[in-house]
Amino acid sequence: MVNPQLDAEGNLKHLLTIEGLPKRILNQILDTAETFVGVAERDIKKVPLLRGKTVCNIFFENSTRTRTTFEIAAKRLSADVINLNVNTSSQSKGETILDTVDNLIAMHADMFVVRHAQSGAAHFIARHVPDNISVINAGDGRHAHPTQGLLDVFTVRKYKPDLHNLRVALVGDVLHSRVARSEIHALTTLGVPEVRVIAPKTLLPADVEKLGVQVFHDMKAGLKDVDVIMMLRLQNERMSGALLPSAQEYFRTFGLTQEKLSYAKSDAIVMHPGPMNRGVEIDSSVADGSQSVILPQVTYGIAVRMAVMAILGGGSIGGGNAGGAV
Amino acid sequence: MKIHIKNGHLIDPKNKIDAKQDVFIVAGKVAGIGKAPDGFVANQTIDAAGLIVSPGFVDLSARLREPGSEYQATLNSELLAAAAGGVTSLACPPDTNPVLDEPGLVEMLKHRAKLLNLAHVYPLGALTRQLEGKLLTEMHALSNAGCVAFSQADIAITDTQVLWRAFEYAATFGYTIFLRAEDYYLAKNGVAHDGEVASRLGLKGIPAAAEALSIASIIRIACETKTRIHLCRLSTAEGVELVRTAKKQGLQVSADVSTQHLHLTDMDIGYFNTHANLKPPLRSMRDKAALSQGLKDGTIDAICSDHTPVNDDAKLLPFAEAEAGATGLELLLPLALKWATDNKASLLDTIAAITSQPASILGINGGHLSLNADADIAIFNPSTEWNVVANQLKSQGKNTPFLGNLMLGRVYYTLLHGQITYAYQ
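In order, the protein sequence lines correspond to chains Z and Y. Taking the working numbering, the leading residue of the first sequence gets 344, the next gets one more, and so forth. Taking the working numbering, the leading residue of the second sequence gets 742, the next gets one more, and so forth.
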């Protein structure tokens, strides 16, 4: 099967999922992002890489945060940005995804940033756009959120540069989490030797160990000697019902408190993709504590998204042509 | 009209014939096998040299989309597809719109099919009104109108009391119940086999146990109520094993498998290929192997196409939103033959799984070429190669996970009542 994310020369064509992307592409994105970190600290926070290009944020599912970071990233690359919240407009009038996408193609957009509640939506759109348009998946159902996975490993690399010597634990609702899937693929592709998931059985997908992770149902055992803790968000509607009895019980058993944090290595870092449910999956003292790198994640998120857009848009600073291997 | 089919290799599983024999047809009936009846002078001769002559195929599940979904397909388009696939008898499930729960609808469907005269259409009546799983249908009246058995299509009866009563009532008249076994709650909103692939793709899974649990209760109730049941489209290894055990215990149970499930697994979903969105979901390699074994050892009685034409728009959606199903009538033969080759099964046994065995499950007099039987015949070349190309399919549905695949085995002529309904160009 042809990898729909790569062109005939093996360069990134769309960013739909981290699964199946070669390590060299992930490193190319991370290294390019490194060059963009400084841009935000300049007086003029712009580089002209995407000048004259139009980036279209198509959000079939609402998300102010993710949309905003993509918007900032595109604007810092000097692109024109259009934001479209489709769930509130056309879809409710019966317009199909393809109708919406066709209309935007007709408006000559160059890049689509897509979020949709259904797994596979980004692949679906990528299959139907003309060759000159790139699609970036900004989250599709439970499937993938590749830029989040990339910004997470970027953050890990910043604090723990030796990825080949790390123990990483993901904690929480892996079953419904596209972030978890993208994190797992990013970590395993980049050679992190031990990735763990810690969750109650109701929040783990079938055969999860086949994704290359070790499974734990207990925080004490799971966090032992861990270098990086990646917390996952628990959606409100899943806090009480047939998956979990209550938010309180979840907090007691799987919420990250100072006490549970102490099971990990003393210099372990704590991450969360946001938005956080304080007092449900994470205690405020941990979220705001010295080991938390949650806000740097947000900052790096912009650099990583700039890198992805720059590479797909055909340019990268300092790295020559995007087609070049890194 | 007198037809002489000469030089062909006759395969008639019911009569255990696997030999070079000519077939003689008079007035739509088989009038002679191997030897012409007295005074026979053919009006028409079909030279079947190098071809196999078999009873027309009998498909246990073909959706014709009428009434109600004529935008997806019509009786005319789908019965032309049946003829092109060598299928001369087919059972259609009751999940039309309106549902086949009224004798008038069944009579109309039978009547329209008869006018087209391309295949025998055997409607499966709804077991419960509107398929809602609450109130029984007038099974006796539906049977008189032409229903050969009763079914819930893809909709489970969640109330076991209703299921029990439906079995008892059907057993009163000796009707067979067709059920696709799947636990409603475990399968709810699921779109793929609950396993590694679904987990990777982030698709909601349907555990294999959903089938096993349901089969176990169906078999238990059938045993209590002495009802004849047919389990449609087995998909799991556990399901096959339960049927095997039930058969050993002497229960009146039969089962079929679809051509899709015989050849594909959840891996074939690939990058969210909506043509692989099927009901039941494509399952694991282990399940597929167990289905093959079950078919080979007779646990599974029949291969069906599970023909479900879906229009392009309903497939051009994200995987979970796409409509499930594949067009299949025209692929029944080559996929059955491929199964035979892959599993070293005899041609006689394989053809039995698409002729005499499904006919016996439906309780119809068909699927064989005995003297005086209807001359419903498929003549095919098992080694003709052809590619599955959307616009060359007769079915209005171009939806199949086998698009672009090379098939071996092509129907050259189909006869219904001794009339040629299809000839390969």
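The C-beta atom is built at its ideal place from N, Cα and C for all residues, glycine as well.
- In the displayed model, residue 461 of chain Z falls within coil according to three-state DSSP, outside both helix and strand.
- With the rule of 3 Cβ pairs closer than 8 Å, the region 374-392 of chain Z counts as touching the region 408-420 of chain Z.
- Proximity of the region 820-828 of chain Y to the region 796-804 of chain Y meets the contact definition, three or more beta-carbon pairs being nearer than 8 Å.
- As the crow flies, the alpha-carbon of residue 530 of chain Z is around 15 Å from that of residue 371 of chain Z.
- Pairing residue 942 of chain Y with residue 463 of chain Z gives a Cβ-Cβ distance under 8 Å.
- With 16 or more neighbouring CB atoms inside 10 Å of its own CB, residue 1098 of chain Y falls in the buried class.
- Excluding five sequence positions before and after residue 1006 of chain Y, the CB atoms of its chain that fall closer than 7 Å to its own CB belong to 1023, 1024, 1025, 1026, 1029, given in chain order.
- Taking CB atoms only, residue 937 of chain Y has a neighbour in chain Z less than 8 Å away.
- In this structure, Z:507 is the residue among Z:559, Z:507, Z:450, Z:552 with its C-alpha nearest to the C-alpha of residue 570 of chain Z.
- Membership of residue 760 of chain Y in any alpha helix (DSSP H) is not indicated; the residue belongs instead to the beta strand (DSSP E) covering 758-761.
- Looking at the DSSP output, residue 635 of chain Z sits in a beta bridge with Z:613.
- With 16 or more neighbouring CB atoms inside 10 Å of its own CB, residue 489 of chain Z falls in the buried class.
- By the Cβ criterion, the region 894-914 of chain Y is in contact with the region 870-877 of chain Y, since at least three pairs of Cβ atoms, one from each stretch, lie closer than 8 Å.
- Counting only Cβ-Cβ distances below 8 Å, residue 1062 of chain Y has contacts in chain Z at 461, in chain order.
- Of all residues in the region 483-513 of chain Z, only 483, 484, 485, 486, 487 place a beta-carbon less than 9 Å from a beta-carbon of chain Y.
- Judged by beta-carbon spacing, residue 503 of chain Z lies within the 8 Å limit of residue 509 of chain Z, meaning their Cβ atoms are closer than that value.
- Residues of chain Y with a Cβ closer than 8 Å to the Cβ of residue 560 of chain Z do not exist; the shortest Cβ-Cβ separation is about 17 Å.
- Taking one beta carbon from each stretch, the region 1035-1054 of chain Y and the region 806-822 of chain Y have 3 or more pairs nearer than 8 Å; the two touch.
- The continuous alpha helix (DSSP H) containing residue 1089 of chain Y extends over residues 1088-1093.
- Residue 357 of chain Z does not reach chain Y, its nearest Cβ partner there being about 11 Å away, counting only Cβ pairs nearer than 8 Å.
- Sequence-distant partners of residue 438 of chain Z (beyond 5 residues in either direction) whose C-beta falls short of 7 Å from its own C-beta are missing from its chain.
- Against residue 944 of chain Y, the close residues of chain Z are 462, in the order they occur along the chain (beta-carbon pairs closer than 7 Å).
- A direct Cα-Cα distance of roughly 10 Å separates residue 1014 of chain Y from residue 1058 of chain Y.
- Residue 855 of chain Y and residue 817 of chain Y have their C-alpha atoms roughly 11 Å apart.
- With fewer than 16 neighbouring CB atoms inside 10 Å of its own CB, residue 775 of chain Y falls in the exposed class.
- In the three-state scheme derived from DSSP, where H, G and I count as helix and E and B as strand, residue 973 of chain Y is classed as coil.
- Excluding the 5 residues flanking it on each side, residue 1136 of chain Y has same chain C-beta neighbours closer than 7 Å at 814, 818, 819, 822, 1050, 1068, 1070, 1071, in chain order.
- Among the residues of chain Y, those whose CB is under 8 Å from the CB of residue 549 of chain Z are 935, 936, 937, 939, 940, 946, 948, following chain order.
- The beta carbon of residue 347 of chain Z sits closer than 8 Å to some beta carbon of chain Y.
- Taking 4 residues as the minimum length, the alpha helix (DSSP H) runs contained wholly in the region 957-1036 of chain Y are 978-989, 1000-1004, in order along the chain.
- Against chain Y, the CB of residue 362 of chain Z has a partner CB under 8 Å away; the residue lies at that interface.
- Taking a 10 Å sphere around the C-beta of residue 1018 of chain Y, we find 16 or more other C-beta atoms and assign the residue as buried.
- Contact between residue 844 of chain Y and residue 894 of chain Y does not hold, since the beta-carbon distance rounds to 18 Å and is not under 8 Å.
- For residue 486 of chain Z, the three-state secondary structure derived from DSSP is coil.
- Of all residues in the region 1006-1034 of chain Y, the ones placed with a Cβ closer than 7 Å to any Cβ belonging to chain Z are 1011, 1012, 1013, in chain order.
- Scanning chain Y for C-beta atoms nearer than 7 Å to the C-beta of residue 467 of chain Z yields 1013, 1059, reported in chain order.
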